[in-house]
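Number of protein chains: 2
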Amino acid sequence: MSKGDETRHAILTEATAVAAKVGLTGMTIGQLAAHTGMSKSGLYAHFASKEALQLEILRHTRERFVDQVVRPALQTPRGIARLRVLFDAWVTWSESMEEGGCLFVAASSELDDQPGPVRDALVRDERDWLEMIATVAGTAVSEGELRDDLDLEQFAYEVHALTLAHQHASRLLRDPKALDRVHRAFDSLLTHSA
Amino acid sequence: MSKGDETRHAILTEATAVAAKVGLTGMTIGQLAAHTGMSKSGLYAHFASKEALQLEILRHTRERFVDQVVRPALQTPRGIARLRVLFDAWVTWSESMEEGGCLFVAASSELDDQPGPVRDALVRDERDWLEMIATVAGTAVSEGELRDDLDLEQFAYEVHALTLAHQHASRLLRDPKALDRVHRAFDSLLTHSA
DNA sequence: ACAGGAAAAGAACGATCGTGCTATAACTGA
DNA sequence: TCAGTTATAGCACGATCGTTCTTTTCCTGT
Numbered sequence: 001m002s003k004g005d006e007t008r009h010a011i012l013t014e015a016t017a018v019a020a021k022v023g024l025t026g027m028t029i030g031q032l033a034a035h036t037g038m039s040k041s042g043l044y045a046h047f048a049s050k051e052a053l054q055l056e057i058l059r060h061t062r063e064r065f066v067d068q069v070v071r072p073a074l075q076t077p078r079g080i081a082r083l084r085v086l087f088d089a090w091v092t093w094s095e096s097m098e099e100g101g102c103l104f105v106a107a108s109s110e111l112d113d114q115p116g117p118v119r120d121a122l123v124r125d126e127r128d129w130l131e132m133i134a135t136v137a138g139t140a141v142s143e144g145e146l147r148d149d150l151d152l153e154q155f156a157y158e159v160h161a162l163t164l165a166h167q168h169a170s171r172l173l174r175d176p177k178a179l180d181r182v183h184r185a186f187d188s189l190l191t192h193s194a
Numbered sequence: 001m002s003k004g005d006e007t008r009h010a011i012l013t014e015a016t017a018v019a020a021k022v023g024l025t026g027m028t029i030g031q032l033a034a035h036t037g038m039s040k041s042g043l044y045a046h047f048a049s050k051e052a053l054q055l056e057i058l059r060h061t062r063e064r065f066v067d068q069v070v071r072p073a074l075q076t077p078r079g080i081a082r083l084r085v086l087f088d089a090w091v092t093w094s095e096s097m098e099e100g101g102c103l104f105v106a107a108s109s110e111l112d113d114q115p116g117p118v119r120d121a122l123v124r125d126e127r128d129w130l131e132m133i134a135t136v137a138g139t140a141v142s143e144g145e146l147r148d149d150l151d152l153e154q155f156a157y158e159v160h161a162l163t164l165a166h167q168h169a170s171r172l173l174r175d176p177k178a179l180d181r182v183h184r185a186f187d188s189l190l191t192h193s194a
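So the sequences go chain by chain: E and F.
If you read the first sequence in the UniProt record's numbering, its first letter stands for residue 1, the second for the next number, and so on.
If you read the second sequence in the UniProt record's numbering, its first letter stands for residue 1, the second for the next number, and so on.
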């Protein structure tokens, strides 16, 4: 990897953290330059515009998300076991961020009424994520571990609801019981879907 | 109501809408002045600082929330009936916003890692809201409509999860089935808590 | 209707925004 | 090592940020 690609990658890593904390819009080039110890123009030279940077941040986050959440699940046997790993990996992913939690969650409410390519990209990512949950739940159905009349999309919707609730309880309310809460809710959802 | 109070109120109403769309931080005085047709300084004279304005926006929203969501519920007989009205009123409240949806939901992920008095006020509001759900669910328990070993806080957590999910499905994903989804999830939650 | 006070506008402040252009510094392949 | 490329910094731009101060306009009580 050349020097350019290296710093570009470092910028994106730092930018992802900043964006998770203050939002994709709230994040500024100057702020980011200060965080990385670069000059504003030196940093900016790596991206065509702020919007391009935001899109790159989403792409960078998506790659790490696949690595840390999706892949562990796909390496687990089909069925409820895989579903549990997927969910637990998400919780771990969310908890692993020093500040701001999961960028997708933060960006979701930030961009929900701000049309443009960044919002469009986020919507695609979120649809993919919901589809992934539904698909994995489907393996549990075909393994006979969840009831076969289960509405997979509705199930994914409710699992996703728990991820949003966890970020809220953990990040905003700083509820020490947040982890316990989200696991109990997920278990009860599994029970009622069996 | 004097002239000053009148415009102040009008500003807050407009500011609430703007803040729901672009965030409490993303909102700017200039933007707000343009929306209200006032000069920046004329508008600003009504508030001590931007932070004070943000706090006033939260207070203003809380008042309307009590009127439109809490009050209808408290005017309904105790028990599941009241719980349903509370939830339905929230959904109506959220849907009634032209843009941005429920400000509390939007602010929750915006401020979750931004310490200060605004975050503190929001945390209080969210705690109150969760407590309200738990309390109303408690009336359904004491009426014998929900099982008496129900964990009220956990129940409130899961109901709240659905409100977050609804805003996501409705505002970000523009899912036409969003309303159906949230109602089905709520019904199933009630069923499993009976 | 007029005086006194409240409300709004005007203008300006230093700071920072996103974004260019130009020059210097650092890396890389021959 | 040296040329040529690539990466970074410096500097400046118009715009807008939150905020203050002064002036003008409007409202209100008598």
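Idealized CB from N, CA, C, for every residue including glycine.
Separation of E51 of chain F from E98 of chain E, as counted between CA atoms:
The residue given as residue 98 of chain E occupies position 98 in the first sequence. The residue given as residue 51 of chain F occupies position 51 in the second sequence. Approximately 26 Å, taken between the alpha carbons.
What whole-angstrom Cβ distance do L86 of chain E and V66 of chain E have, given they're in contact under 8 Å?
Here the question's residue 86 of chain E lines up with position 86 in the first sequence. Here the question's residue 66 of chain E lines up with position 66 in the first sequence. The Cβ separation is near 12 Å, so there is no contact.
Let me check understanding here. Comparing Cα to Cα, which of E:D128, E:P117, E:V91 lies closest to S49 of chain E?
As a position in the first sequence, residue 49 of chain E is number 49, starting the count at 1. For the residues E:D128, E:P117, E:V91, the minimum Cα distance to S49 of chain E belongs to E:P117.
For chain E, is any of its Cβ atoms less than 8 Å away from the one on A19 of chain F?
As a first step, residue 19 of chain F must be located in the second sequence, where it is residue number 19. No - not a single Cβ of chain E is within 8 Å of the one on A19 of chain F.
Counting contacts by CB-CB distance shorter than 8 Å, is R147 of chain F in contact with chain E?
For the purposes of this step, residue 147 of chain F is taken as residue 147 along the second sequence, with counting starting at 1. No, no contact with chain E.
Within the 8 Å Cβ cut-off, does V123 of chain E reach chain F?
In the first sequence, residue 123 of chain E corresponds to position 123, counting from 1. Answer yes: the Cβ-Cβ gap between V123 of chain E and chain F drops below 8 Å somewhere.
Whose Cβ in chain E lies nearer than 7 Å to the Cβ of H35 of chain F?
Locating residue 35 of chain F in the second sequence gives position 35, counting from the first residue. Against H35 of chain F, chain E offers no close residue; the least beta-carbon distance is about 15 Å (beta-carbon pairs closer than 7 Å).
Please list the terminal residues of the continuous alpha helix (DSSP H) segment that includes R127 of chain F.
On the second sequence, residue 127 of chain F is found 127 positions in, with the first residue counted as 1. Segment 117-142, the alpha helix (DSSP H) holding R127 of chain F.
Using the Cα positions of Y157 of chain E and R181 of chain F, report the straight-line distance between them to the nearest angstrom.
Here residue 157 of chain E refers to the residue found at position 157 of the first sequence. Here residue 181 of chain F refers to the residue found at position 181 of the second sequence. Distance between the alpha carbons of Y157 of chain E and R181 of chain F is about 8 Å.
My guess is that I57 of chain E and T7 of chain E are in contact by the Cβ rule of under 8 Å, so how many angstroms apart are they, rounded?
Walking along the first sequence from the start, residue 57 of chain E turns up at place 57. Walking along the first sequence from the start, residue 7 of chain E turns up at place 7. Going by Cβ atoms, the distance from I57 of chain E to T7 of chain E rounds to 15 Å, so no, they are not a contact pair.
Compute the Euclidean distance between the alpha carbons of V18 of chain E and R171 of chain F, then round it to the nearest angstrom.
Position 18 of the first sequence holds residue 18 of chain E. Position 171 of the second sequence holds residue 171 of chain F. Rounded to the nearest angstrom, the two C-alpha atoms are 24 Å apart.
According to a CB-to-CB cut-off of less than 8 Å, which residues of the segment 155-168 of chain F neighbour chain E?
Y157, E158, H160, A161, L162, L164, A165, Q167, H168
Option nearest F186 of chain F by Cα separation, candidates E:I11, E:L173, E:Q154
Translated into the one-based positions of the second sequence, residue 186 of chain F becomes position 186. Among E:I11, E:L173, E:Q154, the Cα nearest to that of F186 of chain F is on E:Q154.
Use the C-beta contact count for E63 of chain E: other C-beta atoms within 10 angstroms, 16 or more gives buried, fewer gives exposed.
The sequence position of residue 63 of chain E within the first sequence is 63, counting from 1. Counting Cβ neighbours within 10 Å, E63 of chain E comes out exposed, since fewer than 16 surround it.
Are there 16 or more other CB atoms within 10 angstroms of the CB of S193 of chain F, so buried, or fewer, so exposed?
Taking the second sequence and counting its residues from 1, the one referred to as residue 193 of chain F is at position 193. It is buried - the Cβ of S193 of chain F has at least 16 other Cβ atoms within 10 Å.
Chain E contact for A106 of chain F (CB, 8 Å cutoff):
As a first step, residue 106 of chain F is located in the second sequence; it is residue number 106 there, counting from the start. It does: the Cβ of A106 of chain F has a partner Cβ on chain E nearer than 8 Å.
Mapping DSSP to helix, strand and coil, what is F47 of chain F?
As a working note, residue 47 of chain F is residue 47 in the second sequence. Assigned with DSSP and collapsed to three states, F47 of chain F falls in coil, not helix or strand.
Which of the residues in the segment 77-106 of chain E, read from start to end, lie with their CB under 8 Å from any CB of chain F?
The residues in question are E99, G100, G101, V105, A106.
For M38 of chain F, the nearest candidate out of F:L130, F:A10, F:R78 (CA to CA):
Within the second sequence, the letter at position 38 stands for residue 38 of chain F. Comparing Cα positions, the closest option is F:A10.
Whose C-beta lies closer than 8 Å to the C-beta of M1 of chain E among residues of the same chain, with five residues either side of it excluded?
In the first sequence, counting from the first residue as 1, residue 1 of chain E sits at position 1. Cβ within range, chain order: H9.
Using a Cβ cut-off of 7 Å, pull out every chain F residue sitting near H183 of chain E, in sequence order please.
On the first sequence, residue 183 of chain E is found 183 positions in, with the first residue counted as 1. Neighbours of H183 of chain E on chain F: none; closest Cβ ~11 Å, over 7 Å.
L150 of chain E in three-state terms, based on DSSP:
Start at 1 with the first residue of the first sequence, and residue 150 of chain E comes out as number 150. DSSP places L150 of chain E in coil when its eight states are reduced to three.
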